[in-house]
Amino acid sequence: MSETLAYRLCPQCFRAVPLASKEWYCANDGVRLLEHCPKCRSGITSPYARYCVACGEALSEQTPKTKLKQPAFRKDEHV
Ligand SMILES: [Zn+2]
Ligand SMILES: [Zn+2]
2 MSETLAYRLC PQCFRAVPLA SKEWYCANDG VRLLEHCPKC RSGITSPYAR
52 YCVACGEALS EQTPKTKLKQ PAFRKDEHV
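Numbering (this note's numbering), first residue to last: 2 to 80.
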């Protein structure tokens, strides 16, 4: 076997699927799965990867670093 096993990874919930699968979008949240590191384009070789092993980039695409000060809706009001 000469091919390296590779995965697609959900940038939100970090669910991984084999590259050979036909899944392109996360079954959990519908976001496009990452096929490679957004920074250096290295393939994702571990289903448990959260950071790129080549450059250390976080494998989450659109994670805003600003924290929400107010939640969109409160859970405690209806319970
Ligand atoms: Zn997901
Ligand atoms: Zn990288």
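Beta carbons: idealized from backbone N, C-alpha and C, even for Gly. Please read all numbers here as calculations on a predicted model, not as lab measurements.
Is any heavy atom in ligand 1 found nearer than 7 Å to the beta carbon of Val18?
-> Position 17 of the sequence shown holds residue 18. No, ligand 1 has no heavy atom inside 7 Å of this Cβ.
Kindly examine ligand 2 and report whether one of its heavy atoms sits closer than 7 Å to the Cβ of Ala55.
-> Here residue 55 is taken as the residue at index 54 of the sequence shown, counted from 1. Ala55 Cβ: within cutoff of ligand 2.
For the stretch 46-57 and the stretch 9-18, state whether three or more C-beta atom pairs, one from each stretch, are separated by less than 8 Å.
-> yes
Is it true that the CB of Glu24 sits closer than 8 Å to the CB of Leu35?
-> As a working mapping, residue 35 is identified with position 34 in the sequence shown. As a working mapping, residue 24 is identified with position 23 in the sequence shown. Contact flag unset, no.
Residue closest to Gln13, alpha-carbon to alpha-carbon, out of Val32, Tyr52, Cys56 and Cys53 | Locating residue 13 in the sequence shown gives position 12, counting from the first residue. Residue Val32 is the option with its Cα nearest to Gln13.
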